[in-house]
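Participant:
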Amino acid sequence: YKDRGRRITSWVPEEMKRKWGTRYIGSLAPQLLHVLESYIGHKYNLPKLDMFSVANKPGIGGMENWGLIMYQKDSLMQGKRSTVKDMERVIFTISHELAHHWFGNSVTVADWCGMWFQEAIPTFLHGHIPFKHSYDLDMVNKIKWLARKEVMRDECLIFDYSGPLRNLDDPKADKLFTPLHYLKGASLLYMIESLVTPNVFQKALQSFYVKYNDSYATEEELWEEVETAVGEGGVKGKRKAPKTLSEIMEGWVTSVGHPIVVVNRKENGQLSLAQRVCLDTSALIVDGDWWIPISYTTSSDPNFVSTEPQRWVEPEPQDFQNINVTLEDDEWIIFNVLGSGFYRVQYDDVTWKLLIDQLKKDTAGDAEEAVIPPINRAILIGDSFFTIREGKDWVKTFEMMDYVKNETSALVWDALYSHIELYYRSFPKEMRDMFQKYVQFLVKPAFLRAIDVQAWEKAFFRVVESVNDRAVREPVFDLSWDMKLPAVKTFSSEVALQVLNRSFDARIIPSEVQTKLWCVAVSTENPEIFEYVYNTYHDKKDTKERAKVLESLMCSKTHTTLLLNMILKNNVAGSKATLKVEIQQFMLYHWPDECEDILSFIEKNKDNIVEDDSELEEFQDYAVNPPTICKNKTLEIFGNITESPVNTFYEDFGQEPLNWLVNHQNEWI
Ligand SMILES: [Zn+2]
């Protein structure tokens, strides 16, 4: 491909070229390169760019060698029938590796502790790939959302997981490249961008590049460049920040976790805010070392365009801080406009109710006219699961969820699915059963839209669907199945049987639901369906494609040994560590019913699974409460028996959440 006098070449195996055509190979890289060049203001400075693909291996998507970028094959090419997630991965990876040409290769970080911003800048730049060059993927909201879903969640639940971004005590190489560094890092850059405005931040990155090109830099030097770009007085003078950028960022880069902003609304409508830290205990501790930029908008003049912070929450020792905002009785406020700040918000009861009313209005009418945009709706759902810390607070989450029955945004359904999946198993039995019925009621309309076969047919043969319409099917289908919506099983097995007797064209099944649909069909234990999917598995050559089919097959509970052997044989990474995780994942859904087969498989193959027998202890948490027939063997192989899962998060749910569900059940018709 000749592009403005330079040569861009992609090297791919012949069969991939035939399979995927030139859609991604030929045109995407030059387009993305142009976008980055115009943002950075400096051209890619080599006469050639070679990109080549290697076999799929989990973990690394690409490697930014100078002028010779390596990609894992499914991060370089996908076709138009690929899932939205797969398309996103391609655009993420290519733009990320290209951006490293400027930040990472030309400008390097001064020491290992600065590695986070070497990864954060390219990740931040994905968000600047416009819709028209990313097949309409909404990149910036996707990155902000992933940071909340993956990093914030883990920072709260597995506190040990999250070190500070800049870890001076223990800069272990294996902890330098986690979602924390990429996604939280990028989120902090979006936060600074909101503070100084996009144009100024772009100017700062440009001059940062010019100054440290062919050299190295520290994060301090990046902040200085931003201060210079802001102009006289820096952020403190010109942007009315309470401190210099360097002082503000110190807390964000060196503290563990993220803040939760707690809202207090007095009866006269006066607001004050405080900050808390989310820990993996049932308490929100009063602490926090952050200078938090607060953007907000209210119902009297809703503005979801400007994300500029208008107030600040200061670090301890100040607790509730008056922010000089007074609301009318029926006026709501939303903090963190478009999720540009890396913090959660816990609203007071009055605001909470008003926000729920607005969400209901927004989803009752035309989606285009909704006041609160999808990213803020997803954040409200996500925060409602995480800011609560007492059992009774679940009532607030349930009240908020009620609006989603008319929700159409993929982002919001993803928020709901990923949080429900995480929590509902820890509910007490009676509450869990009622909750399931509640969610069945909420998800059913969306499920019926997701399985509209006529729409599938149209999308396959002629009509181009929007990215959202495609993406929304996945979380909706997954949630419906998790919550045991009866229609899922009926529909999936009907489709499967029709495919088997050739009255249904399997190609029209959208890729977003394929794995789950076949999983559900396999779970009916119809031997013909199992055989059909089993044959599909053997028709695939690629280990990652095989892994997807294997995922469907694993929904059978009567082929334990066969399936475990398939996992062993298809071990994508070829490593014991990943195999161990895959078997543990298998046990999550197959223990304890299939404990006998599982135990004899592990006993027989342990040399392939672990380096040393003591590692088998790591299976204890997956072999909880073994039935009598498996007790002795569990003890013998794993060294101990775990009696019940440990849940430190909620010891006591109280009666209120259950009562709420019971009192509302006659509405779920
Ligand atoms: Zn990178």
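Going by the working numbering, the sequence shown opens with residue 1, and the numbers climb by one from there. We put the CB at the ideal spot given by N, CA and C, even for glycine. Computed from a predicted structure; not experimentally measured.
#1: In the DSSP assignment, what residue or residues form a beta bridge with residue 10?
#2: Might you give, ordered along the chain, the residues of its own chain that have their beta carbon closer than 8 angstroms to the beta carbon of residue 32, omitting 5 neighbours on each side?
#3: In whole angstroms, what is the alpha-carbon distance linking residue 266 and residue 289?
#4: Less than 8 angstroms between the C-beta atoms of residue 668 and residue 398, yes or no?
#5: Say the cut is 7 angstroms; is the CB of residue 475 nearer than that to a heavy atom of ligand 1?
#6: At a cut-off of 7 angstroms, is residue 101 close to ligand 1 when judged by its beta-carbon and the heavy atoms of the ligand?
#7: Would you tell me roughly how many angstroms separate the C-alpha atoms of residue 101 and residue 205, rounded to the nearest one?
#8: Have a look at 480, 410, 450 and 470 and flag the residue whose alpha-carbon is nearest the alpha-carbon of residue 436.
#9: Check residue 312 in the structure and name its three-state DSSP category.
#10: Using only the alpha-carbon positions, how far apart do residue 108 and residue 34 sit?
#11: Is residue 198 close to ligand 1? I mean its beta-carbon at under 7 angstroms from any heavy atom of the ligand.
#12: Look at the alpha carbon of residue 308 and the alpha carbon of residue 196, and state the distance between them as a whole number of angstroms.
#13: Please state whether the Cβ-Cβ distance between residue 235 and residue 166 is less than 8 angstroms.
#14: Tell me residue 276's beta-bridge partners as DSSP assigns them.
#15: Name the two residues that bound the continuous alpha helix (DSSP H) containing residue 431.
#16: Can you check whether the CB of residue 476 is closer than 8 angstroms to the CB of residue 443?
#17: Work out the CA separation of residue 262 and residue 361 for me, nearest whole Å.
#18: Can you list, in chain order, the residues of its chain whose CB lies under 7 angstroms from that of residue 599, leaving out five sequence neighbours each side?
#19: Let me check understanding here. Comparing Cα to Cα, which of 554, 124, 520 and 103 lies closest to residue 118?
#20: Cutting at 7 angstroms between CB atoms, please list the residues of its own chain near residue 88, excluding the five before and the five after it.
#21: Please list the terminal residues of the continuous beta strand (DSSP E) segment that includes residue 217.
#22: Please classify residue 109: does DSSP put it in a helix, a strand, or coil?
#23: Taking the alpha-carbon of residue 61 as reference, which of 46, 67, 77 and 48 has the nearest alpha-carbon?
#24: When you measure from the CB of residue 545 to every non-hydrogen atom of ligand 1, does any distance come out below 7 angstroms?
#25: Looking at the structure shown, is residue 271 part of a helix, part of a strand, or coil, going by DSSP?
#26: If you reduce the DSSP assignment to three classes, tell me which class residue 646 lands in.
#27: Once the 5 residues before and after residue 533 are set aside, which same chain residues still bring their CB inside 7 angstroms of it?
Facilitator: Straight from the coordinates:
#1: 51
#2: Counting only Cβ-Cβ distances below 8 angstroms, and skipping sequence neighbours, we find 91, 94, 95, 98, 129 and 133.
#3: 25 angstroms
#4: no
#5: Result no, Cβ not under 7 angstroms from ligand 1.
#6: no
#7: Near 14 angstroms, if we compare the C-alpha coordinates of residue 205 and residue 101.
#8: 480
#9: strand
#10: Their Cα atoms are separated by approximately 22 angstroms.
#11: Incorrect: residue 198 has no Cβ contact closer than 7 angstroms to ligand 1.
#12: 8 angstroms
#13: No, the Cβ-Cβ distance between residue 235 and residue 166 is not below 8 angstroms.
#14: 260
#15: 429 to 450
#16: yes
#17: The alpha-carbon atoms of residue 361 and residue 262 are separated by roughly 25 angstroms.
#18: 630, 633, 634 and 637
#19: 103
#20: 137 and 142
#21: 215 to 217
#22: strand
#23: Distance check between residue 61 and each of 46, 67, 77 and 48 places 77 closest, using alpha-carbon atoms only.
#24: Because no heavy atom of ligand 1 lies under 7 angstroms away, the Cβ of residue 545 does not count as near it: no.
#25: strand
#26: Because the pLDDT of residue 646 is 49, which lies under 50, any placement of that residue in the model is unreliable, and the question is left without a value.
#27: 518, 522, 549, 552 and 553
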